[in-house]
Amino acid sequence: MMIEVSPAEASPGALVLFRMKPRAIAKHVGILTEPGAFLHAYERLGVIEEPLTQSWRRRIAFAFLFPQR
Numbered sequence: 136m137m138i139e140v141s142p143a144e145a146s147p148g149a150l151v152l153f154r155m156k157p158r159a160i161a162k163h164v165g166i167l168t169e170p171g172a173f174l175h176a177y178e179r180l181g182v183i184e185e186p187l188t189q190s191w192r193r194r195i196a197f198a199f200l201f202p203q204r
């Protein structure tokens with residue numbers, strides 16, 4: 136089971152869910168790859184890694200960590 140954390144606590148490897156519009160359901164997901172970058176996919180562009188800009192940060196609705204074994 137995933138562990139929910141605040142977006143500020145999310146670290147590389149965390150899943151982040153984005154709301155593309157205010158008050159919309161969170162339906163876009165990314166994986167933090169390093170501080171300030173994340174991996175996600177666009178239908179037309181495929182999987183890309185890009186900077187976690189302020190615009191993307193504002194859209195983070197939820198963050199989850201994988202449990203440690």
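Using this note's numbering, the first residue of the sequence shown is number 136, and each one after it goes up by one. All C-beta atoms in this analysis are idealised placements derived from N, C-alpha and C, irrespective of residue type, glycine included.
Euclidean distance between Cα positions of residue 141 and residue 198: 6 Å
Alpha helix (DSSP H) runs contained entirely in the stretch 164–199, provided each spans 4 or more residues: 189–194
Cross-strand partners of residue 138 (DSSP beta bridge): 200
Whole-number beta carbon distance between residue 173 and residue 187, since they are thought to touch under 8 Å: Here residue 187 really is in contact with residue 173; their C-beta atoms are around 5 Å apart, less than 8 Å.
Beta-carbon proximity list for residue 154, same chain, < 6 Å, skipping 5 on both sides: For residue 154, where only same-chain residues beyond five positions count, the Cβ hits under 6 Å are 161, 194 and 196.
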